[in-house]
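J.: Sequential numbering from -17 applies to the sequence shown in the numbering used here.
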Amino acid sequence: SGKVGYGFDAYTENYCDMIASGIVDPTKVNRSALQNAASVAATVLTTESIVTDIKEPAPAAPAAPDMGPGMY
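1. Taking the beta strand (DSSP E) that Gly(-11) falls in, what are its first and last residues?
2. Looking only at C-alpha atoms, which of Lys10, Thr9, Ala2 and Val26 sits nearest to Gly(-13)?
3. Restricting to runs no shorter than 4 residues, where is the alpha helix (DSSP H) found entirely within the region 1 to 52?
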């Protein structure tokens, strides 16, 4: 409604004066949440390139040549 400190209380599912209701978000909590969200977003964006780099199986090694009649 444009009033400072007015917002939605998810616990009671009502709009109220957040400060009067005792709901206060410290700056450190907001900053940490934003940093974590950015970290998760960066991980999601780089996951596409990680998933597409699938190694192809190496071909089988050729058979060893005949050693000849050495010990017989």
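Beta carbons: idealized from backbone N, C-alpha and C, even for Gly.
T.: Let me lay it out:
1. First-last of the beta strand (DSSP E) with Gly(-11): Tyr(-12) to Asp(-9).
2. Ala2
3. 9 to 34
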